[in-house]
Every structure is written in structure tokens, then in C-alpha cells.
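K.L.:
Questions regarding the structure given below will be posed in turn.
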Amino acid sequence: MTSGRERLRDWIKRSKVNQQEAAKIIGIHPVELSQWLSGERTPGLKKAAQIERVTGISVYSWLPSDIHAETSSEPVTDDNA
Numbered sequence: 062m063t064s065g066r067e068r069l070r071d072w073i074k075r076s077k078v079n080q081q082e083a084a085k086i087i088g089i090h091p092v093e094l095s096q097w098l099s100g101e102r103t104p105g106l107k108k109a110a111q112i113e114r115v116t117g118i119s120v121y122s123w124l125p126s127d128i129h130a131e132t133s134s135e136p137v138t139d140d141n142a
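Everything in the sequence shown is counted per my numbering, starting at 62 for the first residue and increasing by one.
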């Protein structure tokens, strides 16, 4: 799965806006966006949901890759919940 950071970079590129404009569209501070794109920080659940509403980038794309492996191997059903 492509990381949220990579997907956000792609979204900015496809949208043909700079980081300052992207931050304004998403409704976040430009410093936050810069930190997420650099990998210095990752958005929390509330911010990830905000990003998803605006860009369509899934909240799950911000999870660490080792969590993806654990959660994607066996779907949750009534039998194994």
C-alpha cells in the first residue's frame, strides 16, 4: 500500500498547487503539511480524516506499514471479531 505521505505528494502534484495552497485547501497549517511530507510527523486521526474528506486519501494510508500487514491478512467478520 502506498503511504499517505506519497499519496499526498501525488495529490498536490496532480492538483497543480504548491504546498502553501494545498495546506489552505486541506485546512491545515503549512508547517504541518511540510512535516507530514518530510516524514518528520504523521497526522493524527482527526487530521487524517480531514485529509481524506478533501483529497480522498484514506485514513488507513497513514498507518505504519507493519500495521497494514497485520490488519490486511485476515478480514474482520462476525466469526473472528
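Each residue gets a CB set at the ideal place from its N, CA and C atoms; glycine is no exception.
Could you compute how far the alpha carbon of Ile86 sits from the alpha carbon of Glu93?
P.N.:
Rounded to whole angstroms, Ile86 to Glu93 spans 13 Å at the Cα level.
K.L.:
Might you give, ordered along the chain, the residues of its own chain that have their beta carbon closer than 7 Å to the beta carbon of Trp72, omitting 5 neighbours on each side?
P.N.:
Closer than 7 Å at Cβ, skipping near neighbours: Thr116, Ile118.
K.L.:
Identify the continuous alpha helix (DSSP H) that holds Pro91 and give its terminal residues.
P.N.:
Residues 91-99.
K.L.:
Straight-line CA distance for Arg70 to Ile89?
P.N.:
Computed Cα separation, rounded: 15 Å.
K.L.:
Could you spell out where the alpha helix (DSSP H) holding Ser76 opens and where it closes?
P.N.:
65-76 is the span of the alpha helix (DSSP H), which, as asked, contains Ser76.
K.L.:
Please classify Arg114: does DSSP put it in a helix, a strand, or coil?
P.N.:
Residue state, collapsed to three classes: helix.
K.L.:
In three-state terms, what does DSSP make of Leu106?
P.N.:
DSSP places Leu106 in helix when its eight states are reduced to three.
K.L.:
Assign Ser119 to one of three DSSP states: helix, strand, or coil.
P.N.:
It is coil, neither helix nor strand.
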